[in-house]
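For reference, the structure is listed below as structure tokens.
Number of protein chains: 2
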Amino acid sequence: MTKTRKHETKQRLIDAGWVMLLEHGYHALGIQALLDATNTPKGSFYHHFKDKEDFALQVVDEYMGAVHAGLQACLGDQGMPPLTRIRNFFEATLESYQSEGYLGCLLGGLGQELSAASDVFRAKISWCFAEIGRQISVCLQEARARGDIPASIDPERAAELLVDCWEGAALRSRLRASPAPLTAMLDFYFQSVLRPDSPVSVGA
Amino acid sequence: MTKTRKHETKQRLIDAGWVMLLEHGYHALGIQALLDATNTPKGSFYHHFKDKEDFALQVVDEYMGAVHAGLQACLGDQGMPPLTRIRNFFEATLESYQSEGYLGCLLGGLGQELSAASDVFRAKISWCFAEIGRQISVCLQEARARGDIPASIDPERAAELLVDCWEGAALRSRLRASPAPLTAMLDFYFQSVLRPDSPVSVGA
Chain W
1 MTKTRKHETK QRLIDAGWVM LLEHGYHALG IQALLDATNT PKGSFYHHFK DKEDFALQVV
61 DEYMGAVHAG LQACLGDQGM PPLTRIRNFF EATLESYQSE GYLGCLLGGL GQELSAASDV
121 FRAKISWCFA EIGRQISVCL QEARARGDIP ASIDPERAAE LLVDCWEGAA LRSRLRASPA
181 PLTAMLDFYF QSVLRPDSPV SVGA
Chain F
205 MTKTRKHETK QRLIDAGWVM LLEHGYHALG IQALLDATNT PKGSFYHHFK DKEDFALQVV
265 DEYMGAVHAG LQACLGDQGM PPLTRIRNFF EATLESYQSE GYLGCLLGGL GQELSAASDV
325 FRAKISWCFA EIGRQISVCL QEARARGDIP ASIDPERAAE LLVDCWEGAA LRSRLRASPA
385 PLTAMLDFYF QSVLRPDSPV SVGA
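Quick note, the sequences are listed as chains W and F, same order.
For the first sequence, position 93 (counting from the first letter as 1) is numbered 93 according to my numbering, and the numbering increases by one without interruption.
For the second sequence, position 186 (counting from the first letter as 1) is numbered 390 according to my numbering, and the numbering increases by one without interruption.
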């Protein structure tokens, strides 16, 4: 996943915050621990970020930027059939989870922790999931137009369902420090959902 | 869901903690806020609980007790076919989410927040999910023995998958304050997974 380069100190804080938020969540993240871990004076932090919430939201933007880049690289790969592109995106995501030690999805983690406490985070994370679903649904539309999946499939509903099931499997992968729940979920989805009598058919 | 009655003060603290943990998670829960909300002196809290971790673990026990009671009431209802019993359990769980204002699942919330920070919570929550999966798999075995689902289905894998997808849909339900993701997931599962060529078949 690629990252747009920001001011060096800012980027260092965001990179460290990404890992710390993924491991410990929002409330357990101490700004002082972040400053210590990155050898950054407090003034620098507040030069780049208004407060902890602003910082975490910018980490989410960075995370979502990486998700976007992954979506673009995989879903935009016109040499592959659309269903393969979608699966490739999730396989690539699984690889990045693996490289992080199976800490799951930052959007799912912050969404769980903060959605009741903060309307700002709730709206932000909801938007992220909706946007991922939207891009996948475009690819499913293409699969439907090519006849790779039945005309009866509702691409929006099928895409939403995939994102939701992925997030549950990501939690279980985090708890078990294992890729198995994610692989099982993808196998299930791609073999089950995209059939003529699928429950995500139009008008079902 | 039924609850075993404990000492009155202890029960009051656990009941309030249940809602507070569901809303705000572990780190955002202040013991002082809990004492204020329940009009309890600090000494009483430490009479009943060793510390905040002990308290949260006992809330999880209480939550899991309610899940157990729900599993027993629904899965043990021999007047219903086994697949209906499983669906009834999740429909009852959905109703309890609704009555709480769609705050999702406490096990999923604490699992996300604490699994990297605390081996105690990770083990506890993993055990809870495995136990729920185990009870559902017993019911799926019964469905298989009756011929309600194909003999090729692996009940353990199919049960694990159901629990995982449910948790993802519960997160989305929390974010959207809506039952729709949960209902969509259940429809999908019950119409898709339990077929002869299901990807959770034995040896798949």
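Glycine included, every Cβ here is placed at the ideal spot set by N, Cα and C.
The structure presented is a predicted model; accordingly, all values stated were derived computationally and were not measured.
At the C-beta level, Leu71 of chain W and Gln141 of chain W stay beyond 9 Å of one another.
Taken through DSSP and simplified to helix, strand or coil, Ile149 of chain W comes out as coil. If you check the CB distance, Ile31 of chain W and Leu379 of chain F do not come in under 9 Å. Rounded to whole angstroms, the separation of the alpha carbons of Glu131 of chain W and Ala66 of chain W is 13 Å.
For Glu317 of chain F, the nearest beta carbon of chain W is closer than 9 Å to its own beta carbon.
Taking C-beta atoms under 8 Å as the contact rule, Gly229 of chain F and Glu113 of chain W qualify, at a distance of about 5 Å. Separation of the CB atoms of Asp281 of chain F and Arg289 of chain F is rounded to 5 Å, and the pair is thereby assigned contact status at 8 Å. The residue from F:Gly221, F:Glu227, F:Val264 and F:His272 with its alpha-carbon nearest to that of Phe249 of chain F is F:Gly221.
Against Met185 of chain W, the close residues of chain F are Leu365, Asp368, Cys369 and Gly372, in the order they occur along the chain (beta-carbon pairs closer than 9 Å). Contacts with chain F (Cβ-Cβ distance below 7 Å) from the stretch 17-32 of chain W involve Glu23, His24, Gly25, His27 and Ala28, listed in chain order.
Chain W places no beta carbon closer than 9 Å to that of Pro245 of chain F, leaving this residue out of the contacts. Proximity of chain W to Leu307 of chain F at the Cβ level (cut-off 9 Å) is accounted for by Ser115 and Ala116, in chain order. Taking C-beta separations shorter than 7 Å and ignoring five residues to either side along the sequence, the partners of Ser382 of chain F in its chain run Tyr306, following chain order. The alpha carbon of Glu360 of chain F has as its nearest neighbour, out of F:Arg350, F:Gly312, F:Arg376 and F:Phe333, the alpha carbon of F:Phe333. For Asn39 of chain W, no alpha helix (DSSP H) segment is defined, and its DSSP state is neither H nor E. The shortest CA-to-CA distance from Gly337 of chain F to any of F:Pro245, F:Leu366 and F:Glu299 is the one to F:Leu366.
With fewer than 16 other Cβ atoms inside 10 Å of its own Cβ, Gly79 of chain W counts as exposed. Taking a contact as a CB-CB distance under 8 Å, the pair Leu94 of chain W and Leu182 of chain W counts as one, their CB atoms being some 5 Å apart. Straight across, the Cα-Cα distance linking Lys246 of chain F with Leu239 of chain F is about 7 Å. Nearest neighbour of Asp61 of chain W by Cα position, chosen from W:Glu100, W:Phe121, W:Leu75 and W:His27, turns out to be W:Phe121. Using a CB distance cut-off of 9 Å, Arg134 of chain W does not count as an interface residue toward chain F. Using beta-carbon distances, Ile125 of chain W counts as an interface residue toward chain F, with a partner under 9 Å. The beta-carbon separation of Ala123 of chain W and Glu227 of chain F, rounded to 17 Å, does not stay under the 8 Å limit for a contact. For the 9 Å CB-CB criterion, Met268 of chain F and Leu311 of chain F form a contact. Here the alpha carbons of His48 of chain W and Lys10 of chain W stand approximately 6 Å from one another. In the displayed model, Leu233 of chain F falls within coil according to three-state DSSP, outside both helix and strand. With a cutoff of 9 Å on beta-carbon distance, Ser173 of chain W and Phe392 of chain F are scored as not near each other. Contacts with chain F at 9 Å (Cβ-Cβ) include Leu175 of chain W. Not a single CB atom of chain F sits nearer than 9 Å to the CB of Phe55 of chain W. Among the residues of chain W, none has a CB under 7 Å from the CB of Leu298 of chain F; the nearest is roughly 14 Å distant. When rounded, the separation of the alpha-carbon atoms in Arg348 of chain F and Ala180 of chain W is 24 Å.
Taking 7 Å as the upper bound on Cβ-Cβ separation, chain W lies near no residue of the stretch 267-289 of chain F. Under a criterion of Cβ atoms nearer than 8 Å, the residues of chain F adjacent to Phe129 of chain W are, in order, Arg376 and Leu379. Per DSSP, Ala180 of chain W is one residue of the alpha helix (DSSP H) stretching across Ala180 to Ser192. Bounds of any alpha helix (DSSP H) do not take in Phe49 of chain W, whose DSSP letter is neither H nor E.
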